[in-house]
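Undergrad: The structure follows.
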Amino acid sequence: MNDKRISLVLVLILVLAAVMLRLLPHPANFAPVTAIAIFGGAVLPRKLALWVPLMAMVISDMIIGFYDIMLVVWLCYALTALAASFWLERLRVTRIAVLTLSASLFFFMVTNFAVWAAGGMYPHTLSGLAQCYTMALPFFRNTFLSDMFYAGVLFGMFALSNVAIQQLKWRHQKALLR
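If you read the sequence shown in numbering that gives the first Met the number 0, its first letter stands for residue 0, the second for the next number, and so on.
Dropping the structure here:
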């Protein structure tokens with residue numbers, strides 16, 4: 000199988016996983032989309048990486064339902080994938096962890112600002128903005144935990160698969176030498 004086909008299969012797997020995990024019952028804000036955006040940005044060609052979280056969100060939001068700040072949410076995921084495509088050109092655990100934490104904070108700050116700016120739940124004052132962020136803190140905890148968990152799972156599986164592939168290559172070369 001060539002690299003393009005492998006990339007397309009990976010895109011389909013990531014999109015399907017994100018959609019299914021958003022649709023299955025889960026704690027509030029415990030979803031894999033940020034981690035999938037980061038992983039896709041790190042291992043896929045940039046153009047494909049941007050489409051992974053967007054396709055996952057469009058498909059799942061068509062089922063779950065659309066909402067006021069939907070475009071802001073989608074943009075956050077696309078920017079996260081784009082950042083990962085630059086920041087994670089060399090995969091390092093610390094870089095992955097820093098980007099995941101940064102993406103969680105970025106998503107929290109931007110989406111809650113959008114909730115405050117576009118909605119009527121909070122007064123359009125500084126204290127209303129502070130109240131919006133304060134009320135969203137329990138959701139941030141789950142967002143951060145899910146982002147770290149799913150990033151760990153995705154990058155961990157990727158590392159294990161690379162080790163397995165190297166083992167197979169080594170065994171194949173050893174068998175050829177016999």
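In this text, a Cβ means the ideal position worked out from N, Cα and C, and glycines have one as well.
Answer yes or no: do G40 and A30 have a C-beta to C-beta separation smaller than 7 Å?
TA: Not closer than 7 Å, so no.
Undergrad: Out of P137, I12, G64 and S101, which one is the CA nearest neighbour of L78?
TA: When each option's Cα is compared against that of L78, the closest is S101.
Undergrad: Given a cut-off of 7 Å, decide if A55 and L153 are closer than it, judged by their beta-carbon atoms.
TA: No, the Cβ-Cβ distance between L153 and A55 is not below 7 Å.
Undergrad: On the criterion of 16 or more Cβ atoms from any shown chain inside 10 Å, does I95 qualify as buried, or is it exposed?
TA: Classification of I95: buried, given that the 10 Å Cβ count is 16 or more.
Undergrad: So, under 8 Å CB-CB, I37 and L90 are touching, yes? Tell me the CB distance rounded to an integer number of Å.
TA: Their Cβ separation, rounded to whole angstroms, is 11 Å, which puts I37 and L90 out of contact at 8 Å.
Undergrad: For M156 and Q166, what's the separation of their Cα atoms in angstroms?
TA: The alpha-carbon atoms of M156 and Q166 are separated by roughly 15 Å.
Undergrad: For L53, collect the residues of the same chain with a Cβ closer than 8 Å to its Cβ; drop the 5 residues on either side in sequence, then sort them by chain order.
TA: Counting only Cβ-Cβ distances below 8 Å, and skipping sequence neighbours, we find W73, Y76 and A77.
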